[in-house]
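Numbering (UniProt numbering), first residue to last: 1 to 174.
We treat Cβ as the ideally placed atom computed from N, Cα and C, and that holds for glycine.
Here the structure comes first, spelled out in structure tokens, and everything after it is commentary.
As structure tokens, then:
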């Protein structure tokens with residue numbers, strides 16, 4: 001995987017970590033929002049997203065549009081008029097990405113029941129509280145870094161965690 005940050009690399013570190021999103025979600029966020037959005041450049045300067053939308057991308061002279069139609073993730077901020085000001089670009093090797101699966105994962109990460117698991121640390125969703133006012137994830141069995149001495153969670157702990165994160169009455173699938 002190639003990572004291209006151009007001469008604007010310092011800007012990537014200065015931006016808040018953006019959430020991954022597709023075109024439908026991108027249209028709903030406000031100007032100035034830090035985002036990560038994936039797709040392909042079939043036409044120079046126009047990102048075709050995983051859900052079929054097209055976004056005008058301004059590289060500001062610091063980055064160049066990839067010459068081929070490789071799968072990329074663009075890091076940047078939403079500008080007025082739905083344009084994306086890019087400060088970084090992650091280029092994936094050809095043929096290694098299932099775009100439909102990527103899009104479904106992005107949509108899944110935005111479900112209210114799971115959003116807190118995928119939001120950047122310090123992000124709005126991570127800090128959100130549950131309906132009873134407790135921080136989301138409160139009461140989950142503690143996880144530890146894996147070592148040769150780490151004991152896996154028991155089946156009861158896994159079921160309890162799943163029930164806390166996704167109560168059966170809250171899950172709805174289309």
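Buried is the label assigned to residue 38, since at least 16 other Cβ atoms lie within 10 Å of its Cβ. Beyond the five residues adjoining it in sequence on each side, residue 85 comes within less than 7 Å, by CB distance, of 58, 60, 76, 77 and 79 in the same chain, given in chain order.
Annotation: the region 48-99 contains the following complete segments of the beta strand (DSSP E) (minimum length 3 residues), in chain order: 54-58, 71-78 and 84-91.
For the 9 Å CB-CB criterion, residue 40 and residue 87 do not form a contact. DSSP places residue 24 inside the alpha helix (DSSP H), whose first and last residues are 23-28. Sorting 50, 65, 103 and 23 by C-alpha distance to the C-alpha of residue 43 places 65 at the top. The Cβ atoms of residue 63 and residue 89 lie closer than 9 Å to each other. By the 16-neighbour rule on beta-carbons within 10 angstroms, residue 93 is exposed. Per DSSP, the unbroken alpha helix (DSSP H) holding residue 117 starts and ends at 115-118. About 20 Å separates the beta carbon of residue 17 from that of residue 47, a gap too long to meet the 8 Å contact definition.
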